[in-house]
Each structure stands twice: as C-alpha cells, then as structure tokens.
Amino acid sequence: MGRKLKRIRPAAAYVIAILAFVLICFVVGRIPTGDSISSSETSDSTQQDNSGLPWNLILVSNEIPLPENFQTPQLATLSDYRNEQVDARILQDLTTMLNDMEQAGLQPLVCSSYRDYNRQMQLFNQERDRFTKQGMDAEEAYAAAMANIALPGYSEHETGLAVDIVSVDHQTLDRDFADTPEGQWLAANSAQYGFVVRYPAEKQQVTGITYEPWHFRYVGRDAALAMQQQNLCLEEYLIQQGYLQEESAQPEEDSGLESSLE
Numbered sequence: 067m068g069r070k071l072k073r074i075r076p077a078a079a080y081v082i083a084i085l086a087f088v089l090i091c092f093v094v095g096r097i098p099t100g101d102s103i104s105s106s107e108t109s110d111s112t113q114q115d116n117s118g119l120p121w122n123l124i125l126v127s128n129e130i131p132l133p134e135n136f137q138t139p140q141l142a143t144l145s146d147y148r149n150e151q152v153d154a155r156i157l158q159d160l161t162t163m164l165n166d167m168e169q170a171g172l173q174p175l176v177c178s179s180y181r182d183y184n185r186q187m188q189l190f191n192q193e194r195d196r197f198t199k200q201g202m203d204a205e206e207a208y209a210a211a212m213a214n215i216a217l218p219g220y221s222e223h224e225t226g227l228a229v230d231i232v233s234v235d236h237q238t239l240d241r242d243f244a245d246t247p248e249g250q251w252l253a254a255n256s257a258q259y260g261f262v263v264r265y266p267a268e269k270q271q272v273t274g275i276t277y278e279p280w281h282f283r284y285v286g287r288d289a290a291l292a293m294q295q296q297n298l299c300l301e302e303y304l305i306q307q308g309y310l311q312e313e314s315a316q317p318e319e320d321s322g323l324e325s326s327l328e
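In our numbering, the protein residues as written are 67 to 328.
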C-alpha cells in the first residue's frame, strides 16, 4: 500500500481505498477505529449463550461481548467513594462490605466502577493512540491496546457489576495489591457479600485475562460462596451450573500478548 498509482480516476481511487480498508479489517479481525468498533461482531451462538444468563451472572470477556439486548442498569452512586456508580442492585452489598472493611481498620478505595460504552471507547482510543505515538503501526497499536483496555461492549465495567478496589496507601492497579491488608481481606471475605476476584491468578487459561487482584465482580452471595469453596472462576461456575457450554467459555489460542483488561 506504500506505492502510489499514477493517474487513477477519483472514483476508482475511492473504490480501491475501500477495498484496501476492508482487507486490513479482515486481517486484524476487528475494525481498528474507535468510531467503527461494534459489539455485534460475534457469532450467533455466542450471543445466544450470553443473553440467557441471570443479570448477576452475565459473562463479558475479550471474546464474549454484552448481549445485543443489554440494557443499561439503574445506577446508584457511592457517595463516599468519589461518587462512583454501580448497578443499584449491588449497592447495599457493596456498601456493607466497604463499611465492614473500614470497621476493621482498613482504608478501601473504589477507583473505577461503571463506564458507559462511549467512555470505554474513549479509554480504548486513548490507549491505542498512546501506542501509535510510540511508533507502532495501526495494527500493532490496536493489538497492544486490546491487551490493556477492553473494547467497548466487551468490558465488565459496562455492566455496573464490576469495581476496581485499591487502598488509600496503595492506589496502583498491580499485583502487589494482593499483599496489602485490604487485598488480603477482600480475597478472604468478599464472597460473603457476593463478590469474587474476577480474574484469579491460577485461572488465566480459562478467563484469558492475567491476574487482577483489584478487580471484583458481583455475582451474588450464593454463587460467590460456591465459587470460593470450589475454587471456580465465573466461566467454570457457569459451565457447572449448565448455563454455558464449555467450548463457549474458552478463550482463543494465546496470541503472545498478556491481557489485563479494564
């Protein structure tokens, strides 16, 4: 595509440009432009598997998008935590958990929660642009951004059921959070309030996402306690309960890039 063709008529040039763009999109696998990213680029079977799940068990990953019929939940505000918003149905359990942590002398900090589609798109485009400025071509920057930021429509934060929790003394989203008092308390106790570490260290081959000890997902108390007791991640629990077929939950083959999605 680097060579220029001489004296191409405008109409022909336009057609050639469109065909070239479609070819690039086919090779990349998803359209690498923020305005063109769509949550409908999945198979019918994936959509069917996901859309029938209970609201608290909805599965969203870098391979499985939100269902096409997904409706933005009623949101409630965590007034004591930077006015972050979550699905109103989880507010009581989340607030109780955070209050209990404070009663135990801890200092939790909710640093991220609900994001709408447009905000997720903005974050993805910013990450892609950052890699472009580092010298990557369009395809490389797109792939690198996908390893760090979920595509809009593919992020748990869009459900209102996911929260990133750190501490006042440790405000970095990294694995070291697991060793903080807050991280240890959450790992041991969050299931009692309906939350689980969504991407456990030993489940990367199932979730397709690297260990994120700060990323907590509401699944409800019964599911959370069962997952904790049986050492299951959400995908495994959904298979066990008959909500999902095993092949639908498995990520694609490793591309060589570690994913830590936000």
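Cβ atoms here follow ideal geometry from the backbone N, Cα and C, with glycine treated the same way.
Quick caveat, the model's predicted, so the values are computed rather than measured.
Check, Outcome
"Nearest to ASN191 by alpha carbon, out of ALA289, PRO218 and ASP166?", "PRO218"
"Can you say whether ARG283 is buried or exposed, counting buried as having 16 or more other CB atoms within 10 angstroms of its CB?", "buried"
"I believe PRO174 touches GLU248 by the beta-carbon criterion, under 8 Å. Please report the beta-carbon distance rounded to the nearest angstrom.", "5 Å"
"Find out if the Cβ-Cβ distance for the pair TYR259, ALA267 is shorter than 8 Å.", "no"
"With a cut-off of 8 Å on the beta carbons, I'd call VAL232 and CYS299 a contact; round off their distance for me.", "With 8 Å as the limit, VAL232 and CYS299 do not qualify as a contact, their Cβ atoms being about 21 Å apart."
"In chain order, which alpha helix (DSSP H) runs of at least 4 residues are fully inside the segment 132 to 210?", "157 to 169 and 183 to 199"
"Can you tell me which of the three DSSP states GLU222 falls into?", "helix"
"Helix, strand or coil: which one does DSSP assign to GLU278?", "strand"
"Ends of the beta strand (DSSP E) at ALA244?", "No beta strand (DSSP E) holds ALA244; DSSP gives it neither H nor E."
"On the three-state DSSP scale, how would you describe GLY95?", "Annotation note: pLDDT 42 at GLY95 (below 50); position unreliable, no value reported."
"Whole angstroms are fine: how far does the CA of TYR309 sit from the CA of LEU166?", "Position check: residue 166 holds Asp in this sequence, whereas Leu was assumed. Cα-Cα distance, rounded: 33 Å."
"Can you list, in chain order, the residues of its chain with a C-beta nearer than 8 Å to that of ALA142? Leave out the 5 residues immediately preceding and following it.", "GLN151, VAL152, ASP153, ALA154 and LEU157"
"CB ASP264 to CB ALA228, shorter than 8 Å?", "Position check: residue 264 holds Arg in this sequence, whereas Asp was assumed. Contact flag set, yes."
"Expressed to the nearest angstrom, what Euclidean distance is found between the alpha-carbon atoms of VAL126 and GLN271?", "16 Å"
"Between which two residues does the beta strand (DSSP E) containing ASP230 stretch?", "228 to 233"
"What three-state label does DSSP hand TYR309 in the structure shown?", "coil"
"Can you name, in chain order, every residue of its own chain whose Cβ lies under 6 Å from the Cβ of VAL234, other than the five neighbours on each side?", "GLN173 and LEU175"
"So who's on the other strand from VAL262, going by DSSP bridges?", "ARG283"
"Between the Cα of ARG287 and those of LEU304, GLY274, PRO139 and VAL262, spot the shortest distance and give me the residue it belongs to.", "VAL262"
"Name the residue from THR238, GLY201, TYR183 and ASP230 whose alpha carbon lies nearest to the alpha carbon of LEU252.", "ASP230"
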